[in-house]
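See structure below.
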Amino acid sequence: MPRVLTIEDDAVTGQEIVAELSSHGLDVDWADNGREGLAKAIAGGYDLITVDRMLPEVDGLTIVTTLRSLKIATPILMISALSDVDERVRGLRAGGDDYLTKPFASDEMAARVEVLLRRNSTPMTQTRLQVADLELDLISHEARRGDNSLNLLPTEYKLLEYLMRHSGQVITRMMIFEEVWGYHFDPGTNLIDVHIGRLRKKIDSPGQTPLIRTVRGSGYAIAEPV
């Protein structure tokens, strides 16, 4: 059972995180101040850490930079009420793996945790991804579905790679734009929908079982046919 450390000084938010992640089968420890949280994180044994940006005694950014300076590579999800782009960039550059702003939906938080856990368990050195008869060569950047070669534009390739690395999981629109386009992209546009539509036309040709599905109100997923 994956172990998660949550460092959060707000009791309501901390209890919400613990309850949500526990319901997903994770073993969750909770520290309500930065000093205790940093000590637990350094002691190790966790598969993922969620850390609030603003904490008493030791702030979240200091926790992240300290862990990375100690070569502790545990995935970190930063959670903060500070939502401006510069603050997100600071958190990521300090060593955070993802950044979620308050207020947040519990299911999105859990999805981001699951993605980080899966990413950490999937070797980034692998050279090929496969979902059903769809294959992606990470060295040549060639994509095939069955006997057909797929002509993908660079952004389509990056989007497909991200979906395939997390096959079977629901990926939210926010997660997609942060990973594929970065923080300067406006999530209010329909750019993601346009690219998903183009990708579907190339991958899910007429007569083939669709692999990309829309999860209404949540995002998108690519998975083996059921």
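Heads up: the sequence shown runs through residues 1 to 226, numbered per full-length UniProt numbering. A virtual CB, placed ideally from N, CA and C, is assigned to each residue, including glycine. From a predicted model like this one, the values you see are computed outputs, not experimental measurements.
Check                                                                                                        : Outcome
Cβ pair VAL215, VAL170 closer than 7 Å                                                                       : yes
Residue 228 to VAL58 span [Cα, whole Å]                                                                      : For residue 228 there is no data in the structure shown, the boundaries of the chain being 1 and 226.
Exposure of ILE222, with buried meaning 16 or more beta-carbon neighbours within 10 Å                        : buried
GLU8 classed as buried or exposed, judged by whether at least 16 other C-beta atoms fall within 10 angstroms : buried
Beta-bridge pairing of LEU136 - partner residues as DSSP gives them                                          : LEU129, ALA143
Counted within 10 angstroms of its Cβ, other Cβ atoms place VAL194 as buried (16 or more) or exposed         : exposed
Assigned secondary structure, SER83 (DSSP; H/G/I helix, E/B strand, else coil)                               : coil
Extent of the continuous beta strand (DSSP E) run through ALA221                                             : 219-222
Short Cβ contact (7 Å threshold) for VAL113 with MET164                                                      : no
Check: ARG144 C-beta below 6 Å from any heavy atom of the ligand PLP                                         : Ligands in the displayed structure: none, and consequently the ligand PLP is not present.
Identified DSSP bridge partners for MET174                                                                   : Bridge partners of MET174: none, in fact.
7 Å Cβ cutoff met for THR74 and TYR46                                                                        : yes
Inter-residue Cα distance where the pair is ILE63 and GLU156                                                 : 36 Å
Beta-carbon proximity of ILE49 to ILE72, cut-off 7 Å                                                         : no
Contact check, GLY95 vs ARG128, beta carbons under 7 Å                                                       : no
Extent of the continuous alpha helix (DSSP H) run through VAL69                                              : Sequence check: residue 69 is Ser here, not Val. Start and end: 60-69.
Completely contained alpha helix (DSSP H) runs for the stretch 3-62, where each covers 4 or more residues    : 11-23, 34-43
Where ILE203 falls: helix, strand or coil (DSSP)                                                             : helix
Residue burial classification, GLU178 (beta-carbon count within 10 angstroms, cutoff 16)                     : buried
C-beta neighbour in chain D for MET175, strict 7 Å                                                           : No chain D appears in this structure, which consists of one protein chain only.
Of the residues GLY60, ASN190, MET109, the one placed nearest LEU92, counting alpha carbons only             : GLY60
As assigned by DSSP and simplified to three states, the class of ALA98                                       : The question names Ala, but residue 98 in the sequence shown is Asp. In the structure shown, ASP98 sits in a strand (DSSP, three-state: E or B).
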